[in-house]
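Visitor: In UniProt numbering, the protein residues as written are 1 to 243.
Don't be surprised by glycine CBs; every beta carbon is placed ideally from N, CA and C.
Structure in structure tokens, see below.
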């Protein structure tokens, strides 16, 4: 939204100046009165509908990963790489203001755009994004549980990288050792999965499992249920045929 700009649509035009200062949920009519818009607060779901800089995760994967990693309000975790920020927005909503998402992106342009978006959406207090090559430089978040620090070490790590096995050793250093920590590597190719599982095993990780998340749409069609009389009639007809 930019002051003194307009949005032209088949339902009429909308002045950006009319949007500024309005509370979320406000209904605004178009200039010709034929249409209207609602001012919606940015959410992870709406963010998925916008142009993407990279491939993104969608709701089935997001829901499964969030549950599997046991991410909840107050959690502190690592995400690499940031990409388009779709999963970052979901993580920020889940951990809330008491949590922290340490997000890493090696691509400078994607990093800059994601940083600006997080600031615009008032998420920079929850998401801490860094421009960093985690293969080479790691996460700079050693296991701090024995140190006198404000933030404990992370309990969950999510890697969406071309070669996640190259970042596993760094991830292990950042994870808490005094309690169960979890890591998820998102990979589209079985060759990546094999190399990642091999590296996880070599580093001492346990309960290594591969999951595939699929969704299937069902159309519920109402059908008339047979009555008791229908069932009796059908049984009687069968018995008569036997005679």
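Identify which residue in 44, 184, 137 has its Cα closest to the Cα of residue 84.
Guide: Of the listed residues, the one whose Cα sits closest to residue 84 is 44.
Visitor: Measure the C-alpha to C-alpha separation of residue 150 and residue 110 and round it to an integer number of angstroms.
Guide: Because the pLDDT of residue 150 is 43, which lies under 50, any placement of that residue in the model is unreliable, and the number read from its coordinates should be weighed accordingly. Going by the C-alpha atoms only, they are around 29 Å apart.
Visitor: With residue 105 as the anchor, note down where its beta strand (DSSP E) starts and where it stops.
Guide: Here the beta strand (DSSP E) through residue 105 covers 100-105.
Visitor: Please classify residue 227: is it buried, with 16 or more other beta-carbons within 10 angstroms of its beta-carbon, or exposed?
Guide: With fewer than 16 Cβ atoms within 10 Å of its Cβ, residue 227 is classed as exposed.
Visitor: Under the assumption that residue 105 contacts residue 92 (Cβ atoms under 8 Å), give the Cβ distance between them as a whole number of angstroms.
Guide: 15 Å between Cβ atoms; not a contact.
Visitor: Assuming residue 37 contacts residue 28 under a Cβ cut-off of 8 Å, what Cβ separation, rounded to an integer in Å, is found between them?
Guide: The Cβ separation is near 6 Å, so the contact holds.
Visitor: Rounded to whole angstroms, how far is the Cβ of residue 76 from the Cβ of residue 154, which I believe are closer than 8 Å?
Guide: Residue 76 to residue 154, Cβ: 5 Å. Contact.
Visitor: Below 6 Å CB to CB, which residues in the same chain sit around residue 54 once its five sequence neighbours on both sides are set aside?
Guide: 83, 84.
Visitor: DSSP three-state label for residue 29, please.
Guide: Strand at residue 29.
Visitor: Based on Cα-Cα distance, which residue from 204, 40, 101 lies nearest to residue 23?
Guide: Among 204, 40, 101, the Cα nearest to that of residue 23 is on 40.
Visitor: Helix, strand or coil for residue 134, going by three-state DSSP, please let me know.
Guide: Note: residue 134 maps to helix in three-state DSSP.
Visitor: Are the beta-carbon atoms belonging to residue 14 and residue 30 less than 9 Å from one another?
Guide: Yes; because the gap between Cβ atoms is below 9 Å, this pair is in contact.
Visitor: Between the Cα of residue 207 and those of 214, 197, 17, spot the shortest distance and give me the residue it belongs to.
Guide: Per the Cα distances, 197.
Visitor: Mind checking which residues open and close the alpha helix (DSSP H) that includes residue 61?
Guide: Note, residue 61: alpha helix (DSSP H), 59-68.
Visitor: List the whole-angstrom C-beta distance separating residue 74 from residue 99, where the pair is believed to meet the contact cut-off of C-beta under 8 Å.
Guide: Contact holds; Cβ gap of about 5 Å.
Visitor: With DSSP as the reference, label residue 148 as helix, strand or coil.
Guide: Confidence at residue 148 is low in this model, with a pLDDT of 37, below 50, so its placement is unreliable and the value that follows should be read with caution. Coil, per DSSP.
Visitor: Which residue from 123, 126, 172, 70 puts its Cα closest to that of residue 245?
Guide: The structure shown does not extend to residue 245, since the chain spans only 1 to 243, so no value can be given for it.
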